[in-house]
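So the structure is just underneath, and the comments pick up after that.
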Amino acid sequence: MDDRGEMMKTRVLIGIVAAFAAVPPAVSPAAATPPVPVETVTGCVKDGRMHLQAPERFARERSLKINPCTNIPFDFRRFEGKQIRATAGIDLYNGAFVCPRDVVILGDCKSDTVAAPAKKDLPRQLTDDEADEIVWALPEVQGLIRRMEGTKAAPFSMITGYPNPEAAPGTAGAFFEIYVGERHDAHTVRVLTVIVDAYSGKVSIYDETADRVIPIEEYRKKVRK
1 MDDRGEMMKT RVLIGIVAAF AAVPPAVSPA AATPPVPVET VTGCVKDGRM HLQAPERFAR
61 ERSLKINPCT NIPFDFRRFE GKQIRATAGI DLYNGAFVCP RDVVILGDCK SDTVAAPAKK
121 DLPRQLTDDE ADEIVWALPE VQGLIRRMEG TKAAPFSMIT GYPNPEAAPG TAGAFFEIYV
181 GERHDAHTVR VLTVIVDAYS GKVSIYDETA DRVIPIEEYR KKVRK
């Protein structure tokens, strides 16, 4: 083959390599742990986070960081301070609102500001770490740890509801909600949802079957049966 043929062959190879380099990688949402449930939800966008409002089962969850897909842009400036409806992956474990799409603006976010009553001196609330320690010390959680020894699964906990700093002892907002589960390679499994009183440390359990919170003593009786 003469020099002209070699040069033409080289140009063809360079063109093929350049064509492959120009193909975009497979689109995937950032920081998502597959699989995550995809839901159509309503919420408020504040500071780059989605504060879920509906469906009701998500209303008490912590706000989620908005993680758009690379091929589905999310206009943070336009949606800031707006109540929106969107379809997205709800990744509660990583605290992410994944790949939002079909976004519809419903209006402005409702103001959280209300006329504050005169503040009362309240007792000290538990810290996040103190509430978590109470949960990990429970016999039910210790038993979960023992059952997982030698397996690929691992126990974990995540605070999904925080007490209102202004809530008085014994009122509805004066508690932590802590999710206890098993983390597997590709998914997580809920084991318990524990409610910890932010002042006394008293523990209750969310009974999923009855859809209500019950004292831990009642939960233990049900388990023994």
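Just so it is clear: in the sequence shown, position 3 is 3 by the numbering used here, and no numbers are missing.
Glycine residues also receive a C-beta, built at the ideal position from the N, C-alpha and C atoms.
Option nearest residue i by Cα separation, candidates the options
i: Tyr93; options: Pro163, Met158, Lys222 and Thr193; result: Met158
i: Gly107; options: Arg78, Ile66, Glu130 and Arg60; result: Arg78
i: Phe175; options: Ser200, Ile145 and Arg101; result: Ser200
i: Asp75; options: Gly181, Ala198, Gly48 and Ile90; result: Gly48
i: Asn164; options: Asp132, Asp128, Phe58 and Cys69; result: Asp128
i: Asn220; options: Leu192, Asp197 and Ala198; result: Before going further, note that residue 220 is Arg rather than Asn in the sequence given. Ranking Leu192, Asp197 and Ala198 by Cα distance to Arg220 puts Leu192 first.
i: Phe58; options: Pro73, Asn71, Arg147 and Val38; result: Val38
i: Ala172; options: Thr188, Val135 and Arg60; result: Arg60
i: Glu133; options: Arg190, Gly95, Ala198 and Cys99; result: Ala198
i: Val189; options: His51, Leu144, Lys202 and Trp136; result: Leu144
i: Glu56; options: Gly95, Thr42 and Ala137; result: Thr42
i: Ser111; options: Cys99, Asp207 and His51; result: His51
i: Pro73; options: Gly95, Cys99, Ala54 and Gln53; result: Cys99
Separation of residue j from residue i, as counted between CA atoms
i: Arg212; j: Cys44; result: 27 Å
i: Thr87; j: Arg101; result: 5 Å
i: Val36; j: Arg62; result: 16 Å
i: Thr40; j: Ala186; result: 23 Å
i: Ala153; j: His184; result: 5 Å
i: Glu166; j: Val194; result: 21 Å
i: Ile216; j: Val180; result: 15 Å
i: Gln83; j: Lys65; result: 15 Å
i: Glu97; j: Pro68; result: First, the residue type needs correcting, since residue 97 is Phe and not Glu in the sequence shown. The alpha-carbon atoms of Phe97 and Pro68 are separated by roughly 8 Å.
i: Arg204; j: Val196; result: According to the sequence displayed, residue 204 carries Ser and not Arg. Approximately 6 Å, taken between the alpha carbons.
i: Gln142; j: Val223; result: 16 Å
i: Ile214; j: Asn71; result: 45 Å
i: Gly170; j: Leu126; result: 14 Å
i: Lys202; j: Ala137; result: 13 Å
Expected contact under 8 Å - CB spacing of residue i and residue j to nearest Å
i: Pro139; j: Glu182; result: Between Glu182 and Pro139 the Cβ distance is about 17 Å, and since that is not below 8 Å, they are no contact.
i: Ala131; j: Ile178; result: 7 Å
i: Gly150; j: Cys109; result: Incorrect: roughly 48 Å between the Cβ atoms, too far for contact.
i: Arg85; j: Val104; result: 5 Å
Cutoff 7 Å; reference residue i; Cβ partners in own chain excluding five residues on either side
i: Leu122; result: Ala168
i: Val135; result: Val141, Ser157, Ile178, Val180, Val194 and Val196
i: Gln53; result: Thr42, Gly43, Cys44 and Ala59
i: Gly95; result: Arg62, Leu64 and Lys65
i: Arg146; result: none
Other residues of its chain near residue i: CB distance less than 6 Å, five sequence neighbours each side excluded
i: Gly161; result: Arg60 and Glu177
i: Asp207; result: Ile214
i: Glu218; result: none
i: Lys225; result: none
Cutoff 8 Å; reference residue i; Cβ partners in own chain excluding five residues on either side
i: Met148; result: Ala154, Pro155 and Glu182
i: Thr209; result: none
i: Lys46; result: Ser63, Glu80, Gly81 and Cys109
Chain B contact for residue i (CB, 9 Å cutoff)
i: Ala172; result: The question asks about chain B, but that chain is absent: this structure has only one protein chain.
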